[in-house]
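**Q** A single structure is presented below for examination.
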Amino acid sequence: MYKQMTEVNTAFANWLATHPDLNKATSKIFQDFSSQRFPSAIVNQTIREVKSQTKHQKTKQFRKQWCCFNNQNWKVERKGDFYTVSFPTLEKRIGVPVVTRTYQAAWLDRLLDGTVKQGAAKLYKKRKKWYFAITITFEVEPRKETKAMGVDLGLRYIAVASVGTKSLFFKSNQCAFVRRRYAALRRRLGKAKKLHAVRKIGDKESRWMKGVNHKISRQIVNFALANGVGVIRMEELTGIRKRATSAKEAGRSLHSWAFHQLQTMIAYKAEMAGIRVEWVNPTYTSQTCKCGHREKANRNGIHFQCKKCGYTIHADLNGAINIAKAISGLSAEPSALVTGAPPIGVHLNPMGRGDDTPPNLGVVRTRNG
Ligand SMILES: [Zn+2]
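Residue numbers (full-length UniProt numbering): 1 to 369.
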């Protein structure tokens, strides 16, 4: 039924995108499209979505328009030791048991006790499973601490964080190794014209990298919290690619999307903890000594040695320290990075199965479907 709902909604969105009265559309317009029953709650959200899509870009064709529900049209409930979400469907409003991870259950509890506000939700399918993506909003108490932490991202060390005299290193050896292995596999498959396989490997690699970035960003934010940090500073991303000695090296190592993803994750996790995030101008952060002397030759790979005063330090740590101090100033432009956490995607589990979910993640299992 979810599949059918998505198909109807997609066809409706495409029909609506070229409709001359789009701007005046109400949920009644669906009757002109089709005589079948379809929840007006979804129709309203689709009208909103199509309006904004056609306004901001020239989208005239939707490949897929998932069914969305505004905050008043879905509900989460707790039934014993599991949760259900209910929303309108083609037949009636249904309550579906969901599989939740521990952190998701914690957010659902906060929805139930009213400490976070409920936003819109989306019914979507990913890798053969149906999910219900939930958005929430809540106030964060800004931290009173003023200590700044710098986070330097690089090719040899994915991330180095520095606050005061403390630092945290994430070496990228393993990442680089895995990425090279995937790249080689992709090349082989690409030569053999196995394009579907190439894309599948790309997806697998992205999921792997996303998992790594989640872990690193969590550790960085926890490190900040443990050290009384009130602001995390990071470089504006344009500097990352330039730092590779050649375009080839940059391409083979971590791609810039992976850095962008890591920065986004650090940013939203920090903001959720009340830590401010600032973006600094990356110019000279890697070449400047604490004595103030700046010279390109100060840095040689991971080694930093000042040509003037002789001070030596790990080059990436030096970068992180300079970022914390924002030696080249804060970025003039507000960052294009979108902060804010992604929605919570709980797996809809009407069949009462959840067996393929890893067992060590605090899965809430359903009883009798
Ligand atoms: Zn110096």
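Ideal placement from N, C-alpha and C gives every residue a C-beta, glycine not left out.
Cβ of His-293 within 7 Å of any heavy atom in ligand 1?
**A** yes
**Q** Confirm the yes/no value for this check: CB of Lys-296, any heavy atom of ligand 1, distance under 7 Å.
**A** no
**Q** Is DSSP giving Ser-206 helix, strand or coil here?
**A** helix
**Q** Here's the rule I'm using: 16 or more other beta-carbon atoms within 10 Å means buried, otherwise exposed. How should Arg-127 be labelled?
**A** exposed
**Q** Looking at the structure shown, is Gly-301 part of a helix, part of a strand, or coil, going by DSSP?
**A** coil
**Q** Span of the alpha helix (DSSP H) holding Gly-319?
**A** 315-325
**Q** Which residue wins for smallest C-alpha separation from Met-265, given the options Lys-210, Gly-230, Pro-282?
**A** The alpha carbon of Met-265 has as its nearest neighbour, out of Lys-210, Gly-230, Pro-282, the alpha carbon of Lys-210.
**Q** For Thr-6, which three-state DSSP category applies?
**A** helix
**Q** For Cys-68, is the beta carbon positioned less than 7 Å from some heavy atom of ligand 1?
**A** Outside the cutoff, so no.
**Q** So, under 8 Å CB-CB, Thr-285 and Gly-319 are touching, yes? Tell me the CB distance rounded to an integer number of Å.
**A** 5 Å
**Q** Short check: CB of Ile-47 to CB of Ala-25, under 8 Å?
**A** yes
**Q** Alpha carbons only, please: which of Thr-10, Val-151, Lys-125 is nearest the one belonging to Gly-164?
**A** Val-151
**Q** Three or more C-beta pairs closer than 8 Å, one from the stretch 299-307 and one from the stretch 315-330: is that the case here?
**A** Enough Cβ pairs lie closer than 8 Å, so yes.
**Q** Is it buried or exposed for Ala-258, if we count other Cβ within 10 angstroms and need 16 for buried?
**A** buried
**Q** The beta strand (DSSP E) with Arg-276 in it runs from where to where?
**A** 276-280
**Q** Expressed to the nearest angstrom, what Euclidean distance is found between the alpha-carbon atoms of Ile-323 and Thr-137?
**A** Distance between the alpha carbons of Ile-323 and Thr-137 is about 30 Å.
**Q** In terms of residue numbering, what span does the alpha helix (DSSP H) encompassing Ser-256 cover?
**A** 256-272
**Q** Would you kindly report the start and end of the unbroken beta strand (DSSP E) that includes Trp-130?
**A** 129-137
**Q** Under 7 Å from any heavy atom of ligand 1, does the C-beta of Tyr-131 make it?
**A** no
**Q** Give the secondary structure of Asp-152 by DSSP, where H, G and I count as helix, E and B as strand, and everything else as coil.
**A** strand
**Q** Distance check for Ser-172 and Ile-216, CA to CA, integer angstroms please.
**A** 11 Å
**Q** Among Gly-310, Tyr-311, Val-212, Ile-220, whose alpha-carbon lies nearest the alpha-carbon of Glu-271?
**A** Ile-220
**Q** Suppose you measure from the CA of Ala-183 to the CA of Gly-202; what does that come to, to the nearest Å?
**A** Between the alpha carbons of Ala-183 and Gly-202 lies a gap of roughly 9 Å.
**Q** Does the distance from the C-beta atom of Val-140 to that of Leu-108 stay below 8 Å?
**A** Cβ distance not < 8 Å, so Val-140 and Leu-108 don't count as in contact.
**Q** Between Ala-244 and Ala-121, what straight-line distance do the alpha-carbon atoms span, to the nearest angstrom?
**A** For Ala-244, the predicted model reports a pLDDT of 48, less than 50, meaning its position is unreliable; a value from the coordinates is still stated below. About 41 Å.
**Q** Under a CB-based cut-off of 8 Å, is Asp-81 close to chain D?
**A** No chain D is part of this structure, which consists of one protein chain only.
**Q** Compute the distance between the beta-carbons of Val-116 and Val-346, then report whether it is under 8 Å.
**A** no
**Q** Using a Cβ distance threshold of 8 Å, determine whether the stretch 63-77 contacts the stretch 142-156, with at least three qualifying pairs required.
**A** Judged by Cβ distances under 8 Å, the stretch 63-77 makes no contact with the stretch 142-156, as fewer than three pairs qualify.
**Q** Cβ of Lys-215 within 7 Å of any heavy atom in ligand 1?
**A** Relative to ligand 1, Lys-215 has its C-beta separated by 7 Å or more from all heavy atoms.
**Q** Should Tyr-284 be counted as a contact of ligand 1 given a C-beta to heavy atom distance under 7 Å?
**A** no
**Q** Please classify Cys-309: is it buried, with 16 or more other beta-carbons within 10 angstroms of its beta-carbon, or exposed?
**A** exposed
**Q** Can you tell me whether Lys-248 is buried or exposed? The criterion is at least 16 other CB atoms within 10 Å of its CB, across all chains shown.
**A** Since pLDDT at Lys-248 reaches only 42, below the 50 mark, its modelled position is unreliable, and no value is offered.
**Q** For Arg-233, is the classification buried or exposed, using 16 other Cβ atoms within 10 angstroms of its Cβ as the cut-off for buried?
**A** buried
**Q** Is it the case that the CB of Tyr-157 approaches a heavy atom of ligand 1 more closely than 7 Å?
**A** For Tyr-157, the shortest separation between its Cβ and any heavy atom of ligand 1 does not lie below 7 Å.
**Q** Any heavy atom of ligand 1 closer than 7 Å to the Cβ of Lys-325?
**A** no
**Q** By the three-class DSSP mapping on this structure, what secondary structure does Phe-12 have?
**A** helix
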